[in-house]
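So the structure is just underneath, and the comments pick up after that.
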Amino acid sequence: MKSKLRQKFIIGNWKMHTTAAEAGHLAKSVVDGVGTEDRVSVAVCPPFPYLALVGKILEGSRVALGAQNLYPEKEGAFTGEVSPTMLRDLGCKYVILGHSERRHKLGETDAFINQKVRVAFAAGLNVIFCVGETLEQRQASQTEAVLDRQIVHGLAGVATNAVPRLIIAYEPVWAIGSTGHQATPQQVQDAHALIRLRFGQMFGKELAQSLVIQYGGSVKPENAAALLRCDGVDGALIGGASLKADQFIAIVRAGTSEWHTKQEAASQPSHNPELEPKQTQMNASKLDSRN
Ligand code: PEP
Numbered sequence: 346m347k348s349k350l351r352q353k354f355i356i357g358n359w360k361m362h363t364t365a366a367e368a369g370h371l372a373k374s375v376v377d378g379v380g381t382e383d384r385v386s387v388a389v390c391p392p393f394p395y396l397a398l399v400g401k402i403l404e405g406s407r408v409a410l411g412a413q414n415l416y417p418e419k420e421g422a423f424t425g426e427v428s429p430t431m432l433r434d435l436g437c438k439y440v441i442l443g444h445s446e447r448r449h450k451l452g453e454t455d456a457f458i459n460q461k462v463r464v465a466f467a468a469g470l471n472v473i474f475c476v477g478e479t480l481e482q483r484q485a486s487q488t489e490a491v492l493d494r495q496i497v498h499g500l501a502g503v504a505t506n507a508v509p510r511l512i513i514a515y516e517p518v519w520a521i522g523s524t525g526h527q528a529t530p531q532q533v534q535d536a537h538a539l540i541r542l543r544f545g546q547m548f549g550k551e552l553a554q555s556l557v558i559q560y561g562g563s564v565k566p567e568n569a570a571a572l573l574r575c576d577g578v579d580g581a582l583i584g585g586a587s588l589k590a591d592q593f594i595a596i597v598r599a600g601t602s603e604w605h606t607k608q609e610a611a612s613q614p615s616h617n618p619e620l621e622p623k624q625t626q627m628n629a630s631k632l633d634s635r636n
C-alpha cells in the first residue's frame, strides 16, 4: 500500500515558566528561527496569561499557538478556569490534555480527561493527548495495560471525523524533566507501535496509519535526531528544551532533516515499513524494560 508520509510535529510546552517579557522574547526568537520551515509543524504552548501576547507575536508566522489545559465547559460559574471557546478566541489551535503533571500532581482522571478531549474537539481545537506510564508501572510490567487504559478511556466517544485533529504524545513519566532517565529509541519505538496498534483496534487501521504520535521526555538537540528517526515517531513534545530558543530550533531542524530522509526512503519503490501500523503483538517484557 502506498501511503502519505506523516508530517512531523514539534511542540513546545512552556509549562509554568517565563515572565511576560521572557515569553515575548522566546516567541520572537522561535518565529525567527523557524522562518519559512514548512516540512515540520511547529507550535508553542505558553502559560494562559501570555497566550494573547505570544499569539500576537506568532501572527503571520509558521508557529502555531497552543494552550496547556482547558476546562470542559463552554462557560459558567467555574472560578479560575478557562474554556475551549476562550482558547479559540485567543487564536489557539492546539491544547495539551492528559499531561502526566495534571494526571499525577493534580489528580486528573481518565474520565475527566476524556470530557476535556471531547469538548476540545467540539470547539474545533487540535488535541495533543498525552499518555505514559510511571517508573513503578514500568517496573511492574504494566506499561501495556496503562497505555491501553489511558487510550481506551481517554478517547472514548471521540468521533472518527475528529481523529485528524488528534495527536497522541507518548510521554513516559520517568523520562520527563530532570529525572536522570532517558528512554532509548527502541523503548520509544516499541511504545509507539503499541499505541498505534491499540488505536487501530479502536478507530481502524487506516486512521491508525495517519495518526501522528509524538514522543516527549527529555528530548534535547543531542538526542532528537535518534528519537525522531524511529519508526512511528512523528515528532516531539518538548518541555525543558523549549524554553531555550536555540535548543528548540535545533530540534525543529532535526525534525526537518528526518522528514527529508523518510521522504526519500518513501519515494523508493520498495516497501516502507514506517508507513504501516505494526500488527505484531508487543513483547510486554521488552516494552517494560527500562535499559
Ligand atoms: C513534558 O513535560 O511534556 C516534557 C516532555 O518535558 P521535558 O522535555 O522537560 O522532559
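Numbering (our numbering), first residue to last: 346 to 636. Glycine included, each C-beta is placed from N, C-alpha and C at the ideal position. For clarity, every value in this text was computed on a predicted model and none was experimentally measured.
Taking C-beta atoms as the reference points, Leu410 and Gly400 count as a pair closer than 8 Å. Here Arg351 is not near Val379, since their CB atoms are 8 Å or more apart.
The C-beta of Ala366 has fewer than 16 other C-beta atoms within 10 Å across all chains shown, which makes the residue exposed.
For Leu572, the Cβ stays outside the 7 Å cut-off from all heavy atoms of the ligand PEP. Contact check for Cys475 and Ser445: beta-carbon distance about 6 Å, within the 8 Å limit, so the pair qualifies. The distance from the Cβ of Gly562 to that of Ala528 is about 6 Å, consistent with a contact at the 8 Å cut-off. The beta carbon of Pro417 sits closer than 7 Å to the beta carbons of Gln460, Lys461 and Val464 from its chain, once the five residues preceding and following it are set aside; these are given in chain order. Apart from sequence neighbours up to five positions away, the residues of its chain that approach Val497 with a beta-carbon distance below 8 Å are Arg543 and Met547, ordered along the chain.
CA-to-CA, the gap between Ala490 and Val564 works out to about 25 Å. Within the DSSP bridge table, the entry for Phe354 names Ser386 and Gly580 as partners.
Looking at Ala507, Gly545, Ser612 and Phe593, the one whose alpha-carbon comes closest to that of Val385 is Phe593.
About 6 Å separates the beta carbons of Val427 and Leu415, which is inside the 8 Å limit, making them a contact pair. For the ligand PEP, a non-hydrogen atom lies closer than 7 Å to the CB of Ala586.
Counting other Cβ atoms within 10 Å of its Cβ, Pro614 stays below 16 and is therefore classed as exposed. In the three-state scheme derived from DSSP, where H, G and I count as helix and E and B as strand, Ala571 is classed as helix. Restricting attention to His526, Thr606 and Gln554, the CA atom closest to the CA of Ala538 is found in Gln554. Here the C-alpha atom of Gly584 lies approximately 7 Å from the C-alpha atom of Lys360. Per the DSSP secondary-structure output, Ala595 pairs with nothing in a beta bridge. Taking a contact as a CB-CB distance under 8 Å, the pair Val440 and Val472 counts as one, their CB atoms being some 6 Å apart.
In this structure, DSSP gives Gly411 an extended state, which the three-state scheme calls strand.
Per DSSP, Gln559 lies in no alpha helix (DSSP H) segment; the continuous beta strand (DSSP E) that holds it begins and ends at Val557 to Tyr560. Per DSSP, the unbroken beta strand (DSSP E) holding Leu442 starts and ends at Tyr439 to Leu442.
Each residue's CA atom was taken as its position, placing Pro566 and Ala595 some 6 Å apart.
Assigned with DSSP and collapsed to three states, Ile458 falls in helix. In the DSSP assignment, Leu511 falls outside any alpha helix (DSSP H) and within the unbroken beta strand (DSSP E) covering Leu511 to Tyr515.
With a 10 Å radius around the Cβ and a threshold of 16 neighbouring Cβ atoms, Thr606 comes out exposed. For Ile521, there is no enclosing beta strand (DSSP E), as DSSP gives it neither H nor E.
In this chain, Val472 is not harboured by any alpha helix (DSSP H); it is covered by the beta strand (DSSP E) spanning Asn471 to Val476.
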